[in-house]
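Residue numbers (my numbering): 1 to 197.
Even for Gly, the Cβ is constructed at its ideal location relative to N, Cα and C.
Small disclaimer: the values here were computed from a predicted structure and weren't measured.
Below is one structure; the comments refer to it alone.
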Amino acid sequence: VLLPTAIIKIYDSSGKAHTVNALLDSGSQSSFLTSNFCKILKLKLQHTNLSVAGLNNAISQMQFKCNVTIESCVNTYSTQLCCYVLDEISNRVPGTEIDINKLDIPQNIKLANTNLHKPSNIDELMAADLFWSVLCTGQIKLGSNEEQIAKFWEIEEFPRAKLLSTEEKACASIFNESVQRTTNGRFLVKNSIKRQR
Numbered sequence: 001v002l003l004p005t006a007i008i009k010i011y012d013s014s015g016k017a018h019t020v021n022a023l024l025d026s027g028s029q030s031s032f033l034t035s036n037f038c039k040i041l042k043l044k045l046q047h048t049n050l051s052v053a054g055l056n057n058a059i060s061q062m063q064f065k066c067n068v069t070i071e072s073c074v075n076t077y078s079t080q081l082c083c084y085v086l087d088e089i090s091n092r093v094p095g096t097e098i099d100i101n102k103l104d105i106p107q108n109i110k111l112a113n114t115n116l117h118k119p120s121n122i123d124e125l126m127a128a129d130l131f132w133s134v135l136c137t138g139q140i141k142l143g144s145n146e147e148q149i150a151k152f153w154e155i156e157e158f159p160r161a162k163l164l165s166t167e168e169k170a171c172a173s174i175f176n177e178s179v180q181r182t183t184n185g186r187f188l189v190k191n192s193i194k195r196q197r
């Protein structure tokens, strides 16, 4: 199985670009960077206290995080990213070398990792929040839909208690006093019409 990887640019503390092999993980809620790569980049680390659950609910405790700027090597994509720092992200990916000729990749496809068939160390893991924006370039962003969602909930909300006029209150009172539901489900209505003599 080929996992989605990309060779990306990542900037060090002095603004110099380095390349890193990143694993794109649509199932991760956080992004990660190896401590060795953080040392190479001389990044400023911030203390944190985050428990990360993995397979079999194994817990890893994150003590540091850092902010990085990443950039694509094949297009203009660039973003700021908060990464939690850990010693190792995964084994080498892929686990064994793959014959790239058997993959039948179309000639017009520009790969984000031209060495995807060779086992390589993973020094960055990009989480689900970036997965689709990295994978699907050329997207049209429509902006935030929070305002539309708020309006939707206002429209869909149950109406608040309506203020009744004096006439409507009198009508409701007469109804409540003159209508009853019997045990067999029928309605019993008192005759409120005065008979003339």
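So, using beta-carbon positions, are residue i and residue j closer together than 8 Å?
| i | j | result |
| --- | --- | --- |
| residue 84 | residue 32 | yes |
| residue 172 | residue 29 | no |
| residue 88 | residue 34 | yes |
| residue 111 | residue 25 | no |
Helix, strand or coil for residue i? Go by DSSP, reduced to three states.
| i | result |
| --- | --- |
| residue 39 | helix |
| residue 29 | coil |
| residue 107 | coil |
| residue 190 | coil |
| residue 71 | strand |
For residue i, which residues in the same chain have their Cβ closer than 6 Å to its Cβ, ignoring the five residues on either side in sequence?
| i | result |
| --- | --- |
| residue 67 | 82 |
By Cβ distance, which residues of its chain are closer than 7 Å to residue i, with the 5 residues on each side in sequence left out?
| i | result |
| --- | --- |
| residue 116 | 2 and 5 |
| residue 118 | 97 |
Check the C-beta distance from residue i over to residue j and give it rounded, since I have them as a contact under 8 Å.
| i | j | result |
| --- | --- | --- |
| residue 7 | residue 73 | 6 Å |
| residue 90 | residue 23 | 7 Å |
| residue 123 | residue 20 | 5 Å |
| residue 60 | residue 43 | So it is not a contact: roughly 20 Å between Cβ atoms. |
For residue i, which residues in the same chain have their Cβ closer than 8 Å to its Cβ, ignoring the five residues on either side in sequence?
| i | result |
| --- | --- |
| residue 114 | 7 |
| residue 188 | 179, 180, 181 and 182 |
Bridge partners of residue i, per DSSP?
| i | result |
| --- | --- |
| residue 175 | In DSSP, residue 175 forms no bridge with anything. |
| residue 10 | 18 and 70 |
| residue 124 | 22 and 33 |
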